[in-house]
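Novice:
Residue numbers (UniProt numbering): 1 to 644.
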């Protein structure tokens with residue numbers, strides 16, 4: 001059964017999957033049930049699948065305080081045809097929810113996590129990757145500042161944690177005290193670029209239940225004023241509308257959901273108060289969750305003022321957190337005390353003093369005194385017993401006539417009250433109009449000043465960024481110019497043929513080898529000059545052999561392991577003193593004739609040494625064979641003597 005635009009539509013039975021698909025296609029304002037426990041373990045899955053703006057409503061009340069569905073239907077004038085028809089039950093749930101009866105099931109906190117991170121991997125090593133990484137971190141920083149500015153302009157409370165890197169930001173995480181619907185159009189997710197923006201709603205540890213209409217909660221539960229002191233240790237204080245303390249509590253690391261449940265167990269808050277200005281986001285969140293008014297003092301309360309408030313109450317507290325929470329709640333009560341006493345006096349005159357708390361709460365919610373009293377008197381008639389069967393109406397009209405006379409007297413009283421309040425409202429509107437005009441002028445002046453400062457700040461940051469990029473570009477140009485000049489000098493020397501240009505490496509390492517290949521290149525037959533070969537190993541020597549270099553010249557002696565590998569492969573190596581290497585800055589040459597002669601002599605020497613080693617090896621094998629043969633002859637002679 002469904003209810004759209006004032007008409008009832010009868011639908012067939014649904015599986016959970018088909019029901020979710022149907023709701024997502026229709027996007028209703030509310031989905032009403034008599035008990036959400038019927039969804040069982042699929043309840044949270046169902047809540048996560050609801051479209052944005054669709055509420056799940058339990059019309060029978062909060063858990064532990066539920067009422068009969070059929071009793072609620074009779075109370076609100078809904079005609080019932082068949083109590084055993086599931087379609088009739090669904091229709092009653094929809095009609096009750098449309099009248100504002102029931103509690104919204106809250107699966108998500110009024111909090112949203114916004115994460116700003118890089119969108120792509122930086123890659124490995126290299127100057128270009130470093131520059132790209134710095135650029136991305138600057139983009140992340142700019143996006144975080146943009147979101148921060150938007151939230152402040154929209155007056156949305158939030159907390160921000162950042163991870164700084166490379167004079168920018170590697171990550172920014174906002175904890176925003178607002179629902180995702182409130183951020184729609186303000187902050188949008190971003191995927192697939194250099195920067196990613198992800199938005200996550202915060203799921204409650206336990207489900208919450210909030211009344212569709214706050215006056216319904218006022219009717220059913222005790223109305224209270226709650227003071228909250230947020231922080232690592234949370235302080236909570238609750239007082240009733242007569243100024244009596246009903247709860248005082250403090251707890252370290254108290255989760256938001258636990259704060260919500262503690263307050264719900266005490267009563268229904270009509271005002272949530274804080275002792276500081278501006279109000280912390282945590283306190284604003286609690287006020288929104290209960291649909292309560294937020295009380296913020298004109299300026300933050302001083303410690304002396306808080307202590308004075310507690311002395312007037314004549315109570316002692318366990319810690320500063322309870323003191324701050326109680327001072328906030330009592331300060332809010334004192335602000336409303338004249339109005340509440342006026343309401344109480346009027347209720348005594350009207351004989352409605354038993355309903356004083358309900359009327360006071362409705363006045364705080366924004367109703368005028370006449371409207372509040374009218375709502376309470378309409379609900380004052382006794383409710384029928386829900387479990388009793390319906391009785392046929394009596395033909396006796398006297399009770400109805402008596403009720404009509406009572407209502408006529410009430411109307412006269414309310415008309416007088418209404419006239420008085422209209423006069424008060426007229427004066428207040430004049431005052432409000434005057435103050436609003438002054439506030440608009442002040443806000444416009446402040447806005448212009450803030451815009452000028454932000455524009456100047458943005459320009460300064462832009463200049464700093466451009467200057468930094470210019471310095472980096474100049475450094476690159478200077479390095480490339482040096483490399484180009486060196487290549488040109490080497491080409492000139494090589495063309496003349498009088499000397500052999502050497503390709504210079506400061507150390508014999510993989511990084512230096514990669515740099516040389518990237519900037520100049522290593523070709524077959526090149527002669528390399530290494531200033532300090534210490535620390536090199538066999539692997540890099542084998543790499544030089546694979547590149548088929550002609551020779552290796554070093555300023556300091558080669559490590560033994562490298563020399564052995566090069567000697568084995570017949571790759572000549574010398575010291576700079578042996579060849580009289582000439583070096584200026586990053587440029588080195590050696591006389592061609594001297595180099596050729598040294599290479600020829602060294603290779604000839606190695607060949608001679610190799611021949612000598614081969615000869616020695618051959619002679620050693622012959623000697624070993626001779627010794628083994630002699631041993632064998634001796635064994636044969638011994639064997640023959642034994643046989644005789």
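Quick reminder that beta carbons are idealized off the backbone N, C-alpha and C, glycines included.
Rounded to the nearest angstrom, what separates residue 645 and residue 604 at their Cα positions?
Specialist: Because the chain is modelled from 1 through 644, residue 645 falls outside the range shown and cannot be assessed.
Novice: What is the rounded straight-line gap between the Cα of residue 169 and the Cα of residue 136?
Specialist: By 1-based counting over the chain shown, the position of residue 169 is 169. By 1-based counting over the chain shown, the position of residue 136 is 136. Distance between the alpha carbons of residue 169 and residue 136 is about 9 Å.
Novice: Under the DSSP definition of a beta bridge, which residues are partnered with residue 178?
Specialist: Against the chain shown, residue 178 aligns to sequence position 178. DSSP, once it has assigned bridges, lists no residue as partnering residue 178.
Novice: Could you please give the first and the last residue of the uninterrupted alpha helix (DSSP H) stretch that includes residue 262?
Specialist: In the chain shown, residue 262 corresponds to position 262, counting from 1. Its alpha helix (DSSP H) spans residues 256-266.
Novice: Within the same chain, show all residues whose beta-carbon is closer than 7 Å to that of residue 61, passing over the 5 residues directly before and after it, in chain order.
Specialist: Residue mapping note: residue 61 aligns to position 61 of the chain shown, counting from 1. The residues are 67 and 103.
Novice: Please classify residue 274 as buried or exposed, where buried requires at least 16 neighbouring CB atoms within 10 angstroms.
Specialist: Indexing the chain shown from 1 puts residue 274 at position 274. Label assigned to residue 274: buried.
Novice: Between which two residues does the alpha helix (DSSP H) containing residue 560 stretch?
Specialist: One-based indexing of the chain shown puts residue 560 at position 560. Its alpha helix (DSSP H) spans residues 560-568.
Novice: Can you give the Cα-Cα distance for residue 47 and residue 256, rounded to whole angstroms?
Specialist: In the chain shown, the residue the question calls residue 47 occupies position 47. In the chain shown, the residue the question calls residue 256 occupies position 256. Using only the alpha carbons, I get a separation of about 20 Å.
Novice: Report all residues from its chain with a CB closer than 6 Å to the CB of residue 247; omit the five preceding and five following residues, and keep chain order.
Specialist: Position 247 of the chain shown, counted from the first residue, corresponds to residue 247. Closer than 6 Å at Cβ, skipping near neighbours: 238 and 266.
Novice: Where do the ends of the beta strand (DSSP E) carrying residue 225 lie?
Specialist: Indexing the chain shown from 1 puts residue 225 at position 225. Per DSSP, residue 225 belongs to the beta strand (DSSP E) from 223-229.
Novice: What are the partner residues of residue 575, as DSSP defines its beta bridges?
Specialist: Residue numbering aside, residue 575 sits at position 575 when the chain shown is read from its first letter. Partner(s): 554.
Novice: Taking 7 Å as the cut-off, decide whether the C-beta atoms of residue 280 and residue 226 are in contact.
Specialist: Against the chain shown, residue 280 aligns to sequence position 280. Against the chain shown, residue 226 aligns to sequence position 226. No, the pair does not count as a contact, with Cβ atoms beyond the cut-off.
Novice: Short check: CB of residue 294 to CB of residue 276, under 7 Å?
Specialist: The count along the chain shown starts at 1 and reaches residue 294 at position 294. The count along the chain shown starts at 1 and reaches residue 276 at position 276. In this structure, residue 276 does not lie closer than 7 Å to residue 294 by Cβ.
Novice: Go to residue 359, then tell me how far its alpha helix (DSSP H) extends in each direction, as first and last residue.
Specialist: What you label residue 359 is simply residue 359 of the chain shown in a count that begins at 1. Taken as a continuous stretch (DSSP letters only), the alpha helix (DSSP H) holding residue 359 covers 356-365.
Novice: Quick check on residue 382: does DSSP put it in helix, strand or coil?
Specialist: In the chain shown, counting from the first residue as 1, residue 382 sits at position 382. Residue placement at residue 382 is flagged as unreliable, the pLDDT there being 43, under the threshold of 50; the coordinate-derived value follows with that caveat. In this structure, residue 382 counts as coil in the three-state DSSP scheme.
Novice: Evaluate residue 391 with the Cβ neighbour count: other Cβ atoms within 10 Å of its Cβ, from every protein chain shown; 16 or more gives buried, anything less gives exposed.
Specialist: Numbered from its first residue, the chain shown carries residue 391 at position 391. Confidence at residue 391 is low in this model, with a pLDDT of 44, below 50, so the placement of that residue should be treated as unreliable; the coordinate-derived value is given next. Residue 391 should be labelled exposed.
Novice: Between which two residues does the beta strand (DSSP E) carrying residue 31 extend?
Specialist: For this step, residue 31 is matched to residue 31 along the chain shown. Where residue 31 is concerned, the enclosing beta strand (DSSP E) stretches over 30-33.
Novice: Which stretch, first to last residue, makes up the alpha helix (DSSP H) that contains residue 342?
Specialist: On the chain shown, residue 342 is found 342 positions in, with the first residue counted as 1. First-last of the alpha helix (DSSP H) with residue 342: 320-350.
Novice: Report buried or exposed for residue 52, applying the criterion of at least 16 other Cβ atoms within 10 angstroms of its Cβ.
Specialist: As a working mapping, residue 52 is identified with position 52 in the chain shown. Exposed is the call here.
Novice: Count the CB pairs spanning the region 139-153 and the region 68-86 that are closer than 8 Å, and state whether there are at least three.
Specialist: The region 139-153 is not in contact with the region 68-86.
Novice: Quick check on residue 442: does DSSP put it in helix, strand or coil?
Specialist: Taking the first residue of the chain shown as position 1, residue 442 is located at position 442. Three-state result, residue 442: helix.
Novice: Looking at residue 500: is its Cβ nearer than 7 Å to the Cβ of residue 621?
Specialist: Position 500 of the chain shown holds residue 500. Position 621 of the chain shown holds residue 621. Not a contact, by the Cβ cut-off of 7 Å.
Novice: For residue 369 and residue 196, I'd like the C-alpha separation in whole angstroms.
Specialist: Counted from its first residue, the chain shown places residue 369 at position 369. Counted from its first residue, the chain shown places residue 196 at position 196. Near 53 Å, if we compare the C-alpha coordinates of residue 196 and residue 369.
Novice: Which partner residues of residue 250 appear in the DSSP bridge assignment?
Specialist: In the chain shown, counting from the first residue as 1, residue 250 sits at position 250. DSSP output for residue 250 lists 235 as bridge partner(s).
Novice: Which of helix, strand or coil does DSSP assign to residue 470?
Specialist: As a working note, residue 470 is residue 470 in the chain shown. Helix.
Novice: Decide yes or no for the touch test of the region 310-318 against the region 338-348: beta carbon pairs closer than 8 Å, at least 3 of them.
Specialist: No, the region 310-318 is not in contact with the region 338-348.
Novice: For the region 504-541, list the alpha helix (DSSP H) runs that are entirely contained and at least 4 residues long, ordered along the chain.
Specialist: Listed in chain order, the complete alpha helix (DSSP H) runs (minimum 4 residues) inside the region 504-541 are 510-519.
Novice: Which of helix, strand or coil does DSSP assign to residue 619?
Specialist: By 1-based counting over the chain shown, the position of residue 619 is 619. Note: residue 619 maps to helix in three-state DSSP.
Novice: Tell me the rounded alpha-carbon separation between residue 172 and residue 115.
Specialist: Walking along the chain shown from the start, residue 172 turns up at place 172. Walking along the chain shown from the start, residue 115 turns up at place 115. Roughly 6 Å separates the two Cα atoms.
Novice: Nearest-angstrom Cα distance between residue 117 and residue 186?
Specialist: Residue mapping note: residue 117 aligns to position 117 of the chain shown, counting from 1. Residue mapping note: residue 186 aligns to position 186 of the chain shown, counting from 1. One C-alpha to the other measures close to 19 Å.
Novice: How is the alpha helix (DSSP H) around residue 313 delimited, first residue to last?
Specialist: Counting from 1 along the chain shown, the entry for residue 313 is found at position 313. Residues 303-313.
Novice: Who are residue 190's beta bridge partners in DSSP?
Specialist: Within the chain shown, residue 190 is the residue found at index 190, counting from 1. Its beta-bridge partners are 197.
Novice: Take residue 106 and list the residues in its own chain whose beta-carbon comes closer than 8 Å to its own, dropping the five residues that flank it on each side.
Specialist: Position 106 of the chain shown holds residue 106. Closer than 8 Å at the Cβ level, and outside the excluded window around residue 106, lie 204, 207, 208, 209, 210 and 289.
Novice: Indicate the three-state DSSP secondary structure (helix, strand or coil) for residue 645 in the structure shown.
Specialist: The structure shown does not extend to residue 645, since the chain spans only 1 to 644, so no value can be given for it.
Novice: With a threshold of 16 other CB atoms inside 10 Å of the CB of residue 504, please say whether the residue is buried or exposed.
Specialist: Here the question's residue 504 lines up with position 504 in the chain shown. Per the 10 Å Cβ criterion, buried.
Novice: For the alpha helix (DSSP H) that contains residue 92, what are its first and last residues?
Specialist: Position 92 of the chain shown, counted from the start, is the residue given in the question as residue 92. Residue 92 -> alpha helix (DSSP H) spans 86-98.
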